[in-house]
Structures are given as structure tokens and as C-alpha cells.
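Colleague:
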Amino acid sequence: MNRLTNRTALITGGARGIGAAIAKLFVQEGASVIITDILQAEGELTAAALGNKCLFIHHDVTLASAWKLAVSVGEARMGPISILVNNAGVVLNKPLRQTSQEEFERILQINTTGPFLGIEAILPSMTKHRSGSIINISSIAGLVGFTNCIAYVASKYALRGMTKTAALELAKDGIRVNSIHPGVIRTPMVINDAMTDMIDQITADIPMGRIGEPVEIAQLALYLASDESSYCTGSEFTADGGLTAQ
Ligand SMILES: NC(=O)c1ccc[n+]([C@@H]2O[C@H](COP(=O)([O-])OP(=O)(O)OC[C@H]3O[C@@H](n4cnc5c(N)ncnc54)[C@H](O)[C@@H]3O)[C@@H](O)[C@H]2O)c1
35 MNRLTNRTAL ITGGARGIGA AIAKLFVQEG ASVIITDILQ AEGELTAAAL
85 GNKCLFIHHD VTLASAWKLA VSVGEARMGP ISILVNNAGV VLNKPLRQTS
135 QEEFERILQI NTTGPFLGIE AILPSMTKHR SGSIINISSI AGLVGFTNCI
185 AYVASKYALR GMTKTAALEL AKDGIRVNSI HPGVIRTPMV INDAMTDMID
235 QITADIPMGR IGEPVEIAQL ALYLASDESS YCTGSEFTAD GGLTAQ
């Protein structure tokens with residue numbers, strides 16, 4: 035119940051899906067939570083449902099200036115941020131031959147540059163308090179390749195590598211950095227017409243015989259946010275029903 039008492043977390047892409055599930059669990063565990071997203075109405079609704087322990091801030095993770103504002107407004111309202119969850123992300127389901135440079139760079143901008151800017155923006159505060167847990171939501175697409183996903187796979191492999199480098203550089207400041215690698219999780223990102231065929235194919239191969247639920251990723255994020263993971267940094271944590279064990 036109180037695994038995050040007196041902590042403040044900032045969760046990007048928190049309006050819905052995995053980010054919203056993490057926000058809900060963190061609030062239940064005593065944290066004050068700032069959720070950020072470009073989806074204003076959904077973000078406000080999600081925050082309102084979690085009461086006064088949750089604040090929504092409109093924020094595009096690709097903009098350094100927006101990051102600065104989100105951190106300063108968030109800290110002024112909710113206290114020093116000691117947990118950052120870089121969760122916002124987008125997928126592009128397109129073959130290599132049909133992916134334009136513009137599309138490729140847009141995916142990298144959101145999924146990879148976004149977390150980079152987030153780490154930069156949060157560092158002054160975490161360094162000052164000599165404490166922090168940064169959790170990067172990568173993917174099993176950061177562990178193995180997937181057809182028709184070149185930009186997404188590139189972005190999630192990059193995030194996994196950034197996690198390890200940031201962990202090495204920040205360990206002496208008391209800041210831990212880890213990545214989570216979800217398999218197929220029931221959220222709007224994958225439960226939609228464009229993704230149906232691909233998801234059906236992947237689901238047929240999942241040893242546990244089912245896709246995952248957002249709360250099953252939130253539980254892992256809770257472990258990494260809390261002191262229970264005090265000796266974990268630079269590591270990757272997979273929750274995929276056994277898919278990548280094959
Ligand atoms: N659902 C899955 O199967 C799955 C699997 C592996 C990894 N992931 C990762 O989990 C994370 C969450 O995904 P989800 O499944 O909850 O998807 P989702 O689409 O439900 O949520 C993603 C959120 O990110 C927000 N977002 C997108 N671009 C943004 C930007 N520029 N600035 C701020 N917010 C932005 C969206 O508005 C949305 O609310 C993503 O990083 C995704 O890549 C998801």
C-alpha cells in the first residue's frame with residue numbers, strides 16, 4: 035500500500051494505456067503523480083479520476099522547452115520529482131522499403147529523443163537530492179527484431195542502450211536507470227484496426243497464450259520505482275508472457 039509514500043513521479047504519455055495504469059498504481063502506493071501527454075481531454079480525465087494526488091500537464095516530449103516547463107510546474111505543485119517514467123511512445127507498422135526518412139525520424143524523435151530530453155530535464159533536481167529512479171519503457175522490439183517495424187525497433191533498441199549509458203554515468207549521483215520491455219499489452223496502441231493482423235500473428239506465438247494487461251507492466255514499474263529495487267541499475271526487465279524466451 036505505501037511503497038511510494040512521499041515520492042513524486044512524472045509519467046509521460048500518462049493519459050491512457052500503460053502510462054495511465056502506472057499512474058493509478060503509483061497513486062495507490064502513496065505517490066504524488068504528474069502525468070503528461072499531448073492528449074489534453076484524456077489526460078485531464080485520467081488525472082481527475084485519481085484525485086488530488088495526480089496532476090495533468092499538457093506536454094510534448096519532443097520539445098526541450100516543454101520538458102523544462104513540465105518539470106518546473108510539476109515540482110512547484112507536487113514536490114521534487116524522484117521518479118521519471120519515460121513512457122510516451124508511438125509505433126509505425128510499415129515495411130522497411132515503405133518507410134520514409136521523415137517517418138523514421140519522427141518515431142525516433144518521440145521514442146528516443148523524448149526520453150533523452152526527459153533525463154536531461156530531470157537531472158538537476160535528482161542530482162541535487164542525490165536520489166532518483168528513471169524508468170524507460172522500451173519494448174521487446176528493443177530486444178529482438180520485428181518485421182514491418184524498422185523505425186520502432188530502432189527507437190526501442192536505442193532507448194535500451196541509452197538506459198545502460200545513463201545508468202553508468204548517474205550511479206555515483208544516487209540515480210538508478212532501468213528499462214522495461216513489454217510484450218503485447220492491451221492498450222489503444224495495439225488494439226486497433228491497423229495493428230490487428232500483426233498482433234494476431236505475434237499472439238499465436240506467446241507461450242502463456244494471452245496478451246498482457248497494462249497493470250502487469252505497472253507492477254514492474256512500481257518495483258523499479260521503489261526501494262525494493264535499490265541494487266538494480268542499467269538493467270532490462272521483460273514482461274512478455276515468455277515470447278522472447280523462445
Ligand atoms: N502496448 C504494447 O503492446 C506495448 C508493447 C511494448 C512497448 N510499449 C510501449 O509502452 C509505452 C506506452 O504505450 P501504450 O501501449 O500505453 O500506448 P498508448 O498509445 O495507449 O499510449 C501512449 C501515449 O503516449 C502519448 N504520446 C504520443 N506522442 C507523444 C508526445 N510527443 N508527447 C507526449 N505524449 C505522447 C499518446 O498520446 C498516448 O497517450 C510506449 O512507449 C510503447 O512503445 C507498448
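Per this note's numbering, the sequence shown starts with residue 35, numbered consecutively. Idealized CB from N, CA, C, for every residue including glycine.
#1: Apart from the five residues on each side of it in sequence, which residues of its chain come closer than 7 Å, Cβ to Cβ, to L193?
#2: Give me the Cα-Cα distance between L38 and R131, rounded to the nearest whole angstrom.
#3: List in chain order: all unbroken beta strand (DSSP E) runs of 3+ residues lying wholly within the segment 175–250.
#4: Run through DSSP, which three-state label would L130 get?
#5: Measuring CB to CB, does T278 end up less than 7 Å from I174?
#6: Which residue marks the beginning of the beta strand (DSSP E) containing S66, and which one marks its end?
#7: What do you reckon, are the CB atoms on A252 and A55 nearer than 7 Å?
#8: Tell me the rounded alpha-carbon separation between F138 and A185.
#9: From the DSSP output, read off the bridge partner residues of L44.
#10: I want to check one thing, is the minimum distance from the CB of L142 to the heavy atoms of ligand 1 below 6 Å?
#11: Hey, would you say the C-beta of L79 is under 6 Å away from at least one heavy atom of ligand 1?
#12: Between F90 and E109, how many whole angstroms is the CB-CB distance? I'm expecting something under 8 Å.
Modeller: Taking the coordinates as given:
#1: Same-chain partners within the cutoff: N145, T146, P149, N170, S172, G176, S213.
#2: Their backbone Cα atoms lie some 46 Å apart in a straight line.
#3: Runs found: 209–216.
#4: Helix, per DSSP.
#5: In this structure, T278 sits near I174, with a CB-CB distance shorter than 7 Å.
#6: First-last of the beta strand (DSSP E) with S66: 66–71.
#7: Remark: C-beta atoms of A252 and A55 approach each other more closely than 7 Å.
#8: If I take the Cα positions, the gap works out to 5 Å.
#9: BP columns for L44 point to I68, L118.
#10: False, no ligand heavy atom lies under 6 Å from that Cβ.
#11: It does not: the Cβ of L79 is nowhere closer than 6 Å to a heavy atom of ligand 1.
#12: Actually they are not in contact, since the Cβ atoms of F90 and E109 sit about 15 Å apart, beyond 8 Å.
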